[in-house]
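Have a look at the structure below, then the notes.
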Amino acid sequence: MKKIMIVDDSSTSRMFVKRCLQTVLIDQDETEYREAENGKEALARLKESSADLALIDLNMPLMDGATLLRWMKASPKLTLIPVVVITSADSPANREELMKLGASYVLSKPIAPAKLKPVIHEIFDMPSNDDFGL
């Protein structure tokens, strides 16, 4: 079973990311989705129970995505979790900084199954045959 943490201060955005993931992971093993509203909440939940993947928004209250990423990559327990940053503040400089901090990928909003599919397939080492044109 895959465990995926979705971190975004918008419940609508979390729901949309989850739906995109469900589309991409169709016919895969059961997946457990966990959600957090900010980096502080996500960090506490990840320390309780790790994840196989974290998708995090960059701009959030209490603890932003970049700070969460720093904490995750500094933690021996969390450092190996692949992190996909999803942001509306995408720029080459921002992308470069996030990759230096340890992000596996940086995707710009709006997110869609077609954007997520190659990333998820690479992270989970899934075959990339394309039955639905996603």
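Quick note on the numbering used here: the sequence shown kicks off at 79 and runs consecutively. Each residue gets a CB set at the ideal place from its N, CA and C atoms; glycine is no exception. Keep in mind the model is a prediction, meaning the values are calculated, not measured.
Asked	Found
Beta-ladder partner(s) of LYS81, from DSSP	GLU110
Simplified DSSP assignment, three categories, for ALA171	helix
Extent of the continuous alpha helix (DSSP H) run through ALA152	143-152
Nearest residue (CA-CA) to PRO191, options MET93, VAL102 and VAL85	VAL102
7 Å CB neighbourhood of ASP142 in its chain, flanking five on each side removed	GLY117 and LEU136
N- and C-terminal bounds of the beta strand (DSSP E) containing THR101	Not the beta strand (DSSP E): THR101 falls in the alpha helix (DSSP H), residues 89-102.
Top-ranked residue by Cα proximity to GLU200, from ASP130, SER169, GLU126 and LEU140	ASP130
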